[in-house]
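Numbering (this note's numbering), first residue to last: 29 to 152.
Ideal Cβ placement from N, Cα and C applies to all residues, glycine included.
Below is one structure, written out as structure tokens; the observations come after it.
Okay, structure coming up:
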């Protein structure tokens, strides 16, 4: 089993691979994370981010609902990425409804992500 620090590092590398146009590498990394730590939401977030980077937002929404929220219904990171995918899909009201409660979560990264996404929605 891999520890949380290694898991986060691997996920960060997967996110970078996805963001720089290396989808095979990203999918490989996220498949590895899923195999090693099926309890972690990071693989689902990674797969969804890869779909978002390909402008396949509905697929990202589907995977975040089907895999993410089904397994981790209270995970603020899953909700933040779902809010982002909804925003990219033009479903701003749904996104806003999902993101507003995240402003008060103790997990700093999803709270900050929600704040930035809401600012983007309100500036449109």
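From residue i to residue j, what does the alpha carbon distance come to, in whole angstroms?
i: residue 80; j: residue 51; result: 12 Å
i: residue 93; j: residue 110; result: 8 Å
i: residue 62; j: residue 95; result: 11 Å
i: residue 37; j: residue 68; result: 13 Å
i: residue 132; j: residue 142; result: 10 Å
i: residue 146; j: residue 115; result: 9 Å
i: residue 32; j: residue 122; result: 32 Å
i: residue 34; j: residue 40; result: 10 Å
i: residue 56; j: residue 75; result: 10 Å
i: residue 127; j: residue 30; result: 31 Å
i: residue 125; j: residue 148; result: 14 Å
Would you mind reading off the limits of the alpha helix (DSSP H) that contains residue i?
i: residue 96; result: Unbroken run through residue 96: none, as it is neither H nor E.
i: residue 136; result: 136 to 150
i: residue 155; result: In this structure the chain extends from 29 to 152, so residue 155 is not present and cannot be described.
i: residue 62; result: 51 to 64
i: residue 104; result: 104 to 116
i: residue 30; result: Segment: none, residue 30 is in no alpha helix (DSSP H) and carries neither H nor E.
Can the beta-carbon of residue i be found closer than 7 Å to that of residue j?
i: residue 117; j: residue 85; result: yes
i: residue 77; j: residue 46; result: yes
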